[in-house]
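For reference, the structure is listed below as structure tokens.
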Amino acid sequence: MSQHVNVMTSGAFDAGYTLEPQASTMRKLGVARTLEAGVIAKYILGDEDGNAFAAGCAVTSDFIKSRPDVARRFAAVWKKGIDFVNQNPQEARKYLAKNTLTPEDVVDTVPMVRYFMAGELTDKHKAEFQKFIDFSTAVGTLPEKVDITKYLQAY
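Residue numbers (the numbering used here): 23 to 177.
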């Protein structure tokens with residue numbers, strides 16, 4: 023996604039789908055405008071209030087099996103970060119500039135989402151995630167059906 027801003031700025035593309043913070047950056051630069059937000063929730067999940075789990079943290083199964091203590095410690099630190107962002111969204115925004123190369127004059131305009139640990143996902147959340155993954159299979163992004171519950175590791 024780091025190239026989305028570049029291709030829109032260069033004129034290589036006339037339109038596209040992107041996620042934040044790229045959308046806010048392009049709006050600020052004046053190279054694009056948002057036609058509609060929340061399209062994954064609305065059109066793929068069929069619920070404008072749904073959670074489009076389109077990004078997250080992944081650790082390999084081999085790593086979890088071979089280094090369970092390190093994986094557990096990593097998950098604990100990840101949870102600490104998620105809790106910080108969820109509880110202090112305004113303070114967390116300053117890290118967007120450093121860690122996602124979001125221009126400082128854009129940081130305050132980027133919509134902040136709610137982050138979840140795998141163990142916090144409700145049945146509704148899991149159904150939304152599964153529906154999004156099933157869509158990915160239907161359009162050929164994934165070659166075969168994936169049962170998301172096999173890959174969610176709660177700590």
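Think of the CB as a built atom: it goes at the ideal place given N, C-alpha and C, for glycine as much as any other residue.
Residue i: first and last residue of the uninterrupted alpha helix (DSSP H) it sits in
| i | result |
| --- | --- |
| Asn-121 | 116-121 |
| Val-178 | Nothing can be reported for residue 178: it is not among the residues displayed for the chain, which extend from 23 to 177. |
| Thr-47 | 44-51 |
C-alpha distance - residue i paired with residue j, whole-angstrom precision
| i | j | result |
| --- | --- | --- |
| Gly-60 | Ser-158 | 17 Å |
| Gln-25 | Ser-32 | 10 Å |
| Asp-36 | Thr-47 | 16 Å |
| Val-53 | Pro-125 | 15 Å |
| Val-132 | Leu-41 | 10 Å |
| Val-168 | Gln-152 | 8 Å |
| Ala-97 | Val-161 | 32 Å |
| Leu-57 | Arg-95 | 42 Å |
| Thr-163 | Tyr-39 | 15 Å |
| Phe-85 | Asp-91 | 10 Å |
| Gln-112 | Leu-67 | 28 Å |
| Ala-178 | Gly-72 | The requested residue 178 is not part of the displayed model; the chain covers only 23 to 177. |
| Glu-166 | Ala-93 | 27 Å |
| Val-135 | Arg-89 | 31 Å |
| Thr-144 | Thr-122 | 29 Å |
C-beta atoms of residue i and residue j nearer than 7 Å
| i | j | result |
| --- | --- | --- |
| Lys-87 | Met-139 | no |
| Val-129 | Ala-114 | no |
| Asp-69 | Ala-63 | yes |
| Val-27 | Gln-44 | yes |
| Tyr-65 | Asn-108 | no |
Distance cut-off 6 Å: residue i Cβ against heavy atoms of the ligand FAD
| i | result |
| --- | --- |
| Ala-45 | Ligands displayed in this structure: none; no statement on the ligand FAD is therefore possible. |
Quiz item: Mind pulling the alpha helix (DSSP H) runs of 4 or more residues that sit fully within the region 89-169?
Solution: With a minimum length of 4 residues, the continuous alpha helix (DSSP H) runs that stay inside the region 89-169 are 90-109, 111-114, 116-121 and 145-160.
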